[in-house]
Every structure is written in structure tokens, then in C-alpha cells.
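Numbering (the numbering used here), first residue to last: 226 to 538.
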């Protein structure tokens, strides 16, 4: 009889131990869930087309806005949701970054607001575009969860949500011209490569989000193409908006940034006939005549630089 009691006691202890282990595993699994973000956040806005925006943690990577919003900058995070959400709260003084909106890679994806549009978020870092020396002040930024948009395509549901968010921002900020819907790589030449060549710029432009050349113009320039010297290519890039460094290496990096946005199938930094035709078509469509911004919207803006404009959790 004592042996039976002892056996049952041992069995009970073993079962309890197993239960504790299983509970610990479950708790650990929940603590390290892929999102790292609360599954339920307060809803701050129901925008047109059923757009749902949730309020995330307030980011310290922000400051007062001093100029009108004139640009929309798209990024990929380069890290997972948990780490990116943590970094974008801007709590580290050595890595003070922030973002207006974070679009998750969950199923379904979510939009999380972290900095109000009325304030500046530190997302652009050292950057330049047209008259702007620094793009933090005049821009709104969107971070999209993707480890590398040059390698990983964006899921359809995530693309759709980003497009709806962009459309809503452009509706509320008509001062943002198509040519000022930009990649981080457009404004941080040689320093950033996001959101990457897999970002669907052509599809977005077809929905009225951003710039894209008319194919008829590209074809016409290809038919009449002649060899273009480096000085002319540099002039075209500068005219369109790229901050090209005055060196051969700087020109190559600017061409890579241009191709990453407008010809993702081949990014090599070479001014081949197709690249030049696309560039000329864009200049013709957007940089000639009344589409140029008015002087009231063209005041240069110095901005406080932000370290780590690409999120690196």
C-alpha cells in the first residue's frame, strides 16, 4: 500500500511538473509573439473607404512642424514588427527615430499611428530633394514592415492598405504633388535603398499616387535616342529632383536610386537608353510648365537630422 501511494504521489508530481513546463512554454510563446504589438489598440480614425487607423505608442522621435506638408516618404523597416515598433518609439537618445504611420505585415495588416501629422517625425535622416535640405520637416512618413523590399515582394493585402493610406493622406494634403511621393532611397542617395525595387510604384501611380512616365513618351524618346553625356544626365536628374553629388560616383548612385524607383528590373547605375528615355519622359510630364510647385510651397526647410532613418531593430 505505501508503495502504491508513493507511486501515485510521484505520478502526480510528474504531471504537475509537466503542466508547469507547458504553461511556461505557452507564456513564453505569447511573450515572444511575432507582432510584439498589442493585438487591440484604440481606433483613432475611420477614414474613407473603410480605412481603419489605430493609435500606437507615442514616439519621442518628433518635433513641431514649421513648414507645410509637401512630401510623402515611403520606407521599409528592414526588421520585424516587434523590433521596429520598439525602435520607432524613439526612446533611445542615440537612435531617436519616429514615424507617422507603421503598416504591419500581419494577416490582415494594420495601420498604426505613432506621430500626428501635425508634427514632424524623424524618419528621413540626412536627405535632399529639389529645394529641400532635409525632408523631415516638409514630409509625412510611412514605414512598411518588410525585411528588405529589394528581396521580398510586398503582400497584396499590405500593398492595398498602404495605397489606401497614401490616398487618404494625399486627399488631406493636396500640396503633395505626384513627384513628391518618394522612396527613402530617392532622398538619401547612396545611404538608403528602401522601400526597394519590389515596391509597386507603377500600380500606385495608376491609382493617382505618385509619378510615372507616359509609355508613349518613353517609346518616343527611345526611337529618337542618341548618346547622352554625363553632364546632360546629371542635369536631367537634378531637374527632376535628385540631389546628385558632383562626382562620377555620385552620378552612378543617383542613377541607381532613380532606377530603383522607375525601373526596378535592372538597377545598375548606368545611363542606358531606356533609363534616359524614362528620365526624359518624367521631366517632360512633370517638370515643364504649370506642374512646378508655387513659390509659396517651395521654401527650403532645414531639418534636424535623425539617426537611423532606416529602422534597424
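The beta carbon of each residue, even a glycine, is placed where N, CA and C say it ideally should be. Quantities reported herein were computed from a predicted structural model and do not represent experimental measurements.
In terms of alpha-carbon separation, which member of the options lies closest to residue i?
i           : options            : result
residue 262 : 512, 323, 335      : 335
residue 443 : 403, 487, 401, 455 : 487
residue 305 : 343, 369, 341      : 369
residue 386 : 330, 341, 435, 373 : 330
residue 415 : 371, 438, 366, 484 : 484
residue 364 : 280, 461, 412      : 412
residue 388 : 265, 276, 269, 511 : 276
residue 465 : 495, 506, 302      : 506
residue 508 : 477, 472, 460      : 460
residue 419 : 446, 278, 298      : 298
residue 287 : 440, 309, 341      : 341
residue 495 : 284, 476, 510      : 476
residue 359 : 504, 296, 425      : 296
residue 513 : 404, 357, 266, 373 : 404
residue 472 : 482, 481, 455      : 455
residue 383 : 422, 371, 280, 421 : 371
residue 424 : 373, 400, 399, 398 : 373
residue 410 : 328, 264, 422, 307 : 422
residue 326 : 279, 397, 396, 491 : 279
residue 314 : 395, 323, 267      : 323
residue 441 : 391, 503, 478      : 503
residue 302 : 349, 283, 482, 269 : 349
residue 614 : 337, 435, 481      : Any question about residue 614 goes unanswered here, given that the chain covers just 226 to 538.
residue 408 : 462, 482, 458, 391 : 482
residue 417 : 510, 375, 426      : 375
residue 300 : 339, 311, 366      : 366
Please state the DSSP three-state secondary structure of residue i.
i           : result
residue 533 : Summary for residue 533: the model assigns pLDDT 37, below 50, so the residue's position carries little reliability; its value from the coordinates is reported in the next sentence. In the structure shown, residue 533 sits in coil (DSSP, three-state: anything other than H, G, I, E or B).
residue 397 : helix
residue 364 : strand
residue 440 : helix
residue 287 : strand
residue 508 : helix
residue 308 : helix
residue 503 : helix
residue 447 : helix
residue 348 : coil
residue 338 : strand
residue 431 : helix
residue 257 : Model confidence at residue 257 stands at a pLDDT of 33, short of 50, so the residue's coordinates are unreliable and nothing is read from them.
residue 265 : coil
Need the endpoints of the alpha helix (DSSP H) that residue i sits in, please.
i           : result
residue 475 : 473–487
residue 457 : 455–465
Residue range of the beta strand (DSSP E) that residue i falls in?
i           : result
residue 326 : 326–328
residue 277 : 276–280
residue 296 : 296–301
Quick one: is residue i near chain B, going by C-beta distance under 8 Å?
i           : result
residue 363 : In the structure shown, chain B does not exist; there is a single protein chain.
Are there any heavy atoms of the ligand PLP lying less than 7 Å away from the beta-carbon of residue i, as far as the coordinates show?
i           : result
residue 410 : For the ligand PLP, the structure offers nothing, since it holds no ligand at all.
For the stretch 379–386 and the stretch 346–365, state whether three or more C-beta atom pairs, one from each stretch, are separated by less than 8 Å. These segments do not touch.
Length at least 4, wholly inside the stretch 376–427: the alpha helix (DSSP H) runs in chain order: Counting whole runs of 4 or more residues, the stretch 376–427 contains the alpha helix (DSSP H) stretches 381–397, 409–412.
Can you confirm whether the stretch 448–455 touches the stretch 498–511 when touching is taken to mean that 3 or more C-beta pairs between the two stretches lie within less than 8 Å? Yes: at least three Cβ pairs fall under 8 Å.
With three or more beta-carbon pairs closer than 8 Å as the criterion, would you say the stretch 427–436 touches the stretch 318–326? Verdict: no, contact absent.
Is it a yes or a no for the stretch 339–348 touching the stretch 286–302, going by three-plus beta-carbon pairs under 8 Å? As far as the Cβ criterion goes, the stretch 339–348 touches the stretch 286–302, which means the pair count is three or higher.
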